[in-house]
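Single-structure report; data block below.
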Amino acid sequence: MVESASPPVQPWWRGAAIYQIYPRSFLDTNGDGVGDLAGIARRMDYVASLGVDAIWISPFFTSPMRDFGYDVADFCDVDPVFGTLADFDRVVEAAHAHGLRVLIDQVYAHTSSDHPWFAESRAGKEGAKVDWYVWADAKEDGTPPSNWQSVFGGPAWTWDARRRQYYMHTFLKEQPQLNVHNPEVQDALLGVARFWLERGVDGFRLDALNHAMHDPQLRDNPPAPRDGRAFNRPFDFQTKLYSQSQPGMVGFIERIRSLCDRYGAIFTMAEVGGDDSVAEMKAYTAGDRRLNSAYGFNFLYAPALTPALVAEAMGEWGGFPGADGLAQGWPSWAFENHDAPRAVSRWCAPEDVGRFARMKLALLASLRGNIILYQGEELGLEQDVIPYELLQDPEAIANWPLTLSRDGARTPMPWQEAPLGGFTTVAPWLPLAPANLARAIERQQGDETSILNLARRLLAIRKARRALRHGSFGNCRAEGALLAFDRAAQGELVRCIYNLGPEPLALEEVEQQGEPLLSVNADLPGMLAGYSAVWLASPLVEQGQ
Ligand code: BGC
10 MVESASPPVQ PWWRGAAIYQ IYPRSFLDTN GDGVGDLAGI ARRMDYVASL
60 GVDAIWISPF FTSPMRDFGY DVADFCDVDP VFGTLADFDR VVEAAHAHGL
110 RVLIDQVYAH TSSDHPWFAE SRAGKEGAKV DWYVWADAKE DGTPPSNWQS
160 VFGGPAWTWD ARRRQYYMHT FLKEQPQLNV HNPEVQDALL GVARFWLERG
210 VDGFRLDALN HAMHDPQLRD NPPAPRDGRA FNRPFDFQTK LYSQSQPGMV
260 GFIERIRSLC DRYGAIFTMA EVGGDDSVAE MKAYTAGDRR LNSAYGFNFL
310 YAPALTPALV AEAMGEWGGF PGADGLAQGW PSWAFENHDA PRAVSRWCAP
360 EDVGRFARMK LALLASLRGN IILYQGEELG LEQDVIPYEL LQDPEAIANW
410 PLTLSRDGAR TPMPWQEAPL GGFTTVAPWL PLAPANLARA IERQQGDETS
460 ILNLARRLLA IRKARRALRH GSFGNCRAEG ALLAFDRAAQ GELVRCIYNL
510 GPEPLALEEV EQQGEPLLSV NADLPGMLAG YSAVWLASPL VEQGQ
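First residue of the sequence shown? That's 10 in the working numbering, and the numbers climb one at a time after it.
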């Protein structure tokens, strides 16, 4: 075979593995039952040992914590529960010393109602910040200006006695919606981004970005089609045509990108949820003047992991230019995060969690795009069941018993198999479940067969193989429980084969060619055992060679 030309130089973030740290639950170093920034710095060697490229730290900014930090009262300071700005600087220093990039959350759709901007805006109908939030008069009969509903339950409008107007909030009433149509608001948010870029961060995860703009005419959302989906909250009853997802976002996104470009290799990744997020993700990332990447909820809330689900998600990101002629963006993928129930508890029976978690990590490590690993996912943690009286999450309390179950995915990291998990020395803010304590890091470290060490191997292979890190996705088979696809880049091809079901599958001859690169749970000769993964490498003879 003719040697391929040397591969093109790729930006650091392309194909990167990103480790999400939820700071409240990572490591408590000051004995208050809540994790902190010093804890992140202290365990940077552990994070680096996984072989990830970057960390993404969920909000640690000044906040009354009504939505556990996603309600920001000062975008440019650290909440005392997490430490100080100096502690943050130490996190950046420790990460960079380990060759890790640092991404932080930016919450642009709303602030806390404790933010001084909101205090000023609600003070009256005149003044510099009068239009910084989404204010509107009541309808003639005193009811809210539109039918919009909040994600966490109840109307998206709350009456404010001071201004004698309603203000909009997509989430809690303590998270008033910023009016991102207003160029001054955009300038202020870009000022926040600049503050953190100057402090040395390498990028941003942009929270709930498609919620950041509303229809200025405040038109009512239409009812959602009755397509058999469960409507658990009033929010689910509507198609969110006007309360979110407005085209003006792209203009603001281009301003974010142009700021980031002034700071070198900065990575930007939007969270774009909702029923129809793919088109928005594509619009937010197309060409080279918008964001680098985006992720949706394909896997985060899926009740089952099926070959069709994976094939469909990957199929949207074939790398072909869109109708606008712009180059397609680059996707990111998460199976778990701080909002969604742990995937193993959604996707397999309790007795299969051990095997399933390993196969699922292999699948994540072979996807085309960036992959986001949520803290504890590398340990195979399952969802904790938190009794009502111990719930912390306002969403969970409001919607009980049909909640998004966020608390059960936010429980502290089990560092040791001890009652407090080595996480803290006092009562933790959320309990640690015995099942997850048995998966403690200390216990898995020295065990070559542990899922933790498998995670390290998977990430090492992904990093070493350009086909897995940067390559194309193709030749996909999604039949019954079988999922197989090629990842291919200059000169190399990796065939990734999975059995996503519990029963063994016969492996055809054609699926057995190549050098074995990885075998997970594939303990039956000639067969693909239940919940198993095989990667086969072969040279790629490209057309024309
Ligand atoms: C975050 C949530 C948060 C919400 C409001 C999200 O998408 O991930 O944790 O509650 O935005 O900021």
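For each residue, glycine too, the CB sits at the ideal point set by N, CA and C. As the structure is a prediction and not an experimental result, all values here were calculated from the model.
How long is the line joining the alpha carbons of Val633 and Ala332, rounded to whole angstroms?
Nothing about residue 633 can be read from this structure; the chain reaches only from 10 to 554.
So what's Asp216 in DSSP terms, helix, strand or just coil?
Residue state, collapsed to three classes: strand.
Whose C-alpha, out of Asn230, Trp424, Pro403 and Gly523, is nearest the C-alpha of Asp416?
Ranking Asn230, Trp424, Pro403 and Gly523 by Cα distance to Asp416 puts Pro403 first.
Considering only their Cβ atoms, is the gap separating Tyr55 from Leu382 smaller than 8 Å?
no
Where Gln184 and His178 are concerned, what is the direct C-alpha to C-alpha distance, given to the nearest angstrom?
6 Å
What separation, rounded to the nearest whole angstrom, lies between the Cα atoms of Leu36 and Asn445?
16 Å
Which one or two residues does DSSP pair with Ala487 in a beta bridge?
Leu492
In whole angstroms, what separates the C-alpha of Arg172 from that of Gln253?
24 Å
Under a three-way DSSP split, which group does Cys505 fall into?
Per DSSP, reduced to three states, the secondary structure at Cys505 is strand.
State the Cα-Cα distance for the pair Val11 and Ile64, rounded to the nearest angstrom.
Note that Val11 has pLDDT 40, beneath the 50 cutoff, so the model's placement of it is unreliable and no number is given.
Can you tell me whether Thr294 is helix, strand or coil according to DSSP?
helix
Check whether the Cβ atoms of Glu263 and Ala217 sit closer than 8 Å, and answer yes or no.
no
Pull up the CB-CB distance for Gln558 and Ser547, whole angstroms please, since I reckon it's below 8 Å.
Residue numbering for the chain in the displayed model covers 10 to 554; residue 558 lies beyond these limits and cannot be assessed.
Quick one: what's Ile30 bridged to in DSSP?
Ile66
Can you find at least 3 beta carbon pairs, one from the region 202-209 and one from the region 264-273, that sit closer than 8 Å?
yes
Assuming the contact rule is C-beta atoms closer than 8 Å, Trp22 and Asn379 should be a hit. Round their C-beta distance to whole Å, please.
7 Å between Cβ atoms; contact.
Just to confirm the assignment, what range does the alpha helix (DSSP H) spanning Val353 have?
Ala352 to Trp356
Buried or exposed for Phe344, going by 16 or more other Cβ atoms inside 10 Å?
buried
Pairing CB atoms from the region 240-252 with CB atoms from the region 157-170, are three or more of them under 8 Å?
yes
If we ignore side chains and look at the alpha-carbon of each, how far apart do Gln554 and Gly480 end up?
With a pLDDT of 40 at Gln554, under the threshold of 50, the modelled position of that residue is not reliable, and the figure given next carries that caveat. Whole-angstrom Cα-Cα distance: 18 Å.
For Leu516, I'd like the list of residues in its chain whose CB is within less than 7 Å of its CB, leaving aside the five on either flank, ordered along the chain.
Correct list, in chain order: Gly535, Met536 and Leu537.
Does any heavy atom of the ligand BGC sit closer than 7 Å to the C-beta of Glu289?
no
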